[in-house]
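Peer 1: The numbering of the sequence shown is the UniProt record's numbering, which starts it at 2 and goes up by one.
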Amino acid sequence: FQASLIVDRDYPLAPLDRRVFGVFVEHLGRCVYDGIHEPSHPTADALGFRGDVMALTRELGATLVRYPGGNFLSGYDWEDGVGPLVQRPRRLDLAWASTETNQVGTHEFMHWCRQVGAEPMFGVNLGTRGADEARRYLEYCNHPGGTALSERRRADGADAPFGIRLWCLGNEMDGPWQIGRKTPDEYGRLASETAKLMRWLDPSVELAACGSSAYDMPSYGVWEDRVLEHCFDEVDYLSLHSYFVKPPADSSTESFLAQIETNARYIEDTLAIADAVAARKRSRKRLMLSFDEWNVWYRARHGAHMRQPGWPEAPRLLEEVYTAEDALLIGGMLTMFMNHADRLKVACLAQLCNVIAPIMTEPGGPAWRQTIFHPFAQAARWARGEVLRPVIRSPGRLHPVHGELPHLCASVVDDPDTGRTAVFLLNRDLGEEMDLTLHLRGLGPARRLVLAEELHAADLHAANTLEAPDRVAPRDLVNLSIDGERLRARLKPASWNLIVTQ
Ligand code: AHR
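(1) How is the beta strand (DSSP E) around Trp497 delimited, first residue to last?
(2) How should Val479 be labelled, buried or exposed, when 16 other C-beta atoms within 10 angstroms of its C-beta is the threshold for buried?
(3) Do three or more CB pairs link the segment 347-365 to the segment 443-458 at distances below 8 Å?
(4) Can the beta-carbon of residue 1 be found less than 8 Å from the beta-carbon of Leu427?
(5) Tell me Gln3's beta-bridge partners as DSSP assigns them.
(6) Leaving out five residues on either side along the sequence, give the residues of the same chain with a beta carbon under 6 Å from the beta carbon of Phe110.
(7) Using a Cβ-Cβ cutoff of less than 7 Å, which residues in the same chain neighbour residue 1 once the five nearest sequence positions on both sides are dropped?
(8) What's the gap between the Cα of Leu202 and the Cα of Gly146?
(9) Which class does Val236 belong to by DSSP, given the choice of helix, strand or coil?
(10) For Asn72, is the beta carbon positioned less than 7 Å from some heavy atom of the ligand AHR?
(11) For my contact list, Val24 and Gln371 are in at a C-beta cut-off of 8 Å; report their separation, rounded to the angstrom.
(12) May I ask you to check if the CB of Asn264 is nearer than 7 Å to at least one heavy atom of the ligand AHR?
(13) For Arg405, report the span of its beta strand (DSSP E) as first-last.
(14) Can you give me the Cβ contacts of Ala301 inside the same chain, cut-off strictly under 6 Å, excluding the 5 residues immediately before and after it?
(15) Run through DSSP, which three-state label would Tyr138 get?
(16) List the endpoints of the continuous beta strand (DSSP E) containing residue 1.
(17) Which residue from Pro367, Thr100, Gly189, Ser99 puts its Cα closest to that of Gly131?
(18) Can you name the start and end residues of the alpha helix (DSSP H) that Met199 belongs to?
(19) Who are the near neighbours of Val392 in its chain, counting only those whose CB is closer than 6 Å to its CB and skipping five residues on each side?
(20) With burial defined as no fewer than 16 other Cβ atoms inside 10 Å of the residue's Cβ, what is the status of Lys282: buried or exposed?
(21) Could you spell out the range, first to last residue, of the beta strand (DSSP E) harbouring Glu455?
(22) So is the beta-carbon of Ile37 under 7 Å away from any non-hydrogen atom of the ligand AHR?
(23) Near Asp430, which residues of its chain fall below 6 Å by C-beta distance, leaving aside the five closest residues on each side in sequence?
(24) Quick check: does the Cβ of Gln3 come within less than 7 Å of any heavy atom belonging to the ligand AHR?
(25) Quick check on Gly485: does DSSP put it in helix, strand or coil?
(26) For Lys286, which residues in the same chain have their Cβ closer than 7 Å to its Cβ, ignoring the five residues on either side in sequence?
The structure is reproduced here in structure tokens:
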């Protein structure tokens, strides 16, 4: 079937904030311990971080890393994770029924961030702790010196302040599973007061308030409205979290991939609520969004293994094995994120290593790329510059909630500095090839191809495993021609594609 995509350099949407290529590292299962950190691994550095995982994190292109949780954050005492390693306490982590050894804390994580070249996004615990503790932690991290807390950081080995700019004010504070769950009024007031103290201490910080922990939470909407009523003026971002599922009642690939539209509505509805609060306050401020947890997560989610007996250290939790089908959804979600670049400034794929993750490891053994690694790495590498507004003409499929959904999902990012334009394309039709005509208007008549890749697996359930780590990986996209500003490509059914021209 035929489809077309038109973009015009004169119709930009917004510059793409590269922090949308963030990831998440939580003290959960084998994400930190036996994941990014394994002192006995042959590739480990002096602080015990695996070199092979660092190399894959750089290849993934993660620009930002959210830390240290997640549900873990709501019971975390940051002081357990600083000072000499031998004095660090072992604690029970109630969020994941595990033993936390605190061998990785603020200093170690900041070292790791520098090694992988990613900006940190830290969280303050608003579950069991509050505004004053957040203020103390920020002073420890960001104040240059001359006070008890900043001198303690210096004595702990970091002479210069960490300069951590982005902070989450708690995590999923609406969830019944959260340690120290709050009502929206309780949380909104606490977020407002915490933000006030943090800004007085360091005016350069950027703060994200917790939105609902999912679009389908019964309190969605009311939560956003009440929370923002209290803290709208004090915060910069509102968070969204979304995990993509496959309900047994409708496990079709078509419905699975329609979650791109569900999440687009989640973004647009959340913006509508934030803008309504702004209108009520006669405020011209426009709140931005931080989609700081997102991924496919439905297999390793339920059942006894979620809380293992005996308070284990680094148990195997949430170790989802991703398929080619999952990679298509991740790619489609990234196009949708790019097409909301005017208001979506931060996003974190949850998580990075072993726990619902693009990177897997075996203790003492190799690290490998899951299927979802590939669309993320391609986007993080090539999506730079200005997002252009795409005009898509494509046949589609009738969806019971969203109406007609086009088979083609696409985004285009143009980098005026390099002259490169990256086009990201998902063909959601499962049975037919797409004959795509791409009009790159205003981008110059003599364009040449820099790169063209496709991710396609005949078996949508194909996965990358320890035994076969490269079963699903991008290959060259060959059915392609350029004629001036017009490009023609033949896209396989159920395929994710990247075309870069210059
Ligand atoms: O990412 C796994 C968990 O999902 C996080 O700890 C929590 O914030 C969310 O519910």
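C-beta atoms are modelled at their ideal positions from N, C-alpha and C, and glycine is treated no differently.
Peer 2: To lay it out plainly:
(1) Start and end: 496-502.
(2) Val479 counts as exposed, since fewer than 16 other C-beta atoms from the protein chains shown sit within 10 angstroms of its C-beta.
(3) No, the segment 347-365 is not in contact with the segment 443-458.
(4) Examination of residue 1 is not possible in this model, given that the chain is present from 2 through 503 alone.
(5) The partner list for Gln3 (beta bridge, DSSP) reads Asp436.
(6) The residues are Tyr68.
(7) Outside the displayed span of the chain (2 to 503) sits residue 1, for which this structure offers no information.
(8) For Leu202 and Gly146, the gap between their C-alpha atoms comes out near 13 Å.
(9) Residue state, collapsed to three classes: coil.
(10) Indeed, a heavy atom of the ligand AHR lies less than 7 Å from the Cβ.
(11) Contact flag wrong, Cβ pair sits at about 13 Å.
(12) Incorrect: Asn264 has no Cβ contact closer than 7 Å to the ligand AHR.
(13) Checking the sequence, you will find Glu at residue 405 rather than Arg. 404-407 is the span of the beta strand (DSSP E), which, as asked, contains Glu405.
(14) So the qualifying residues of the chain are Leu319, Glu320, Glu321.
(15) Here Tyr138 sits in helix by DSSP.
(16) The requested residue 1 is not part of the displayed model; the chain covers only 2 to 503.
(17) Taking the Cα of Gly131 as reference, the smallest distance to any Cα among Pro367, Thr100, Gly189, Ser99 is reached at Gly189.
(18) Element bounds for Met199: 185-202.
(19) Contacts found: Ile7.
(20) Classification for Lys282: exposed.
(21) Residues 450-456.
(22) Distance from the C-beta of Ile37 to the nearest heavy atom of the ligand AHR is not below 7 Å.
(23) Only His408, Pro494 meet the Cβ criterion.
(24) For Gln3, the CB stays at least 7 Å from every heavy atom of the ligand AHR.
(25) When DSSP states are grouped into helix, strand and coil, Gly485 belongs to the coil group.
(26) The beta carbon of Lys286 sits closer than 7 Å to those of Ala279, all from its chain and outside the five residues before and after it, given in chain order.
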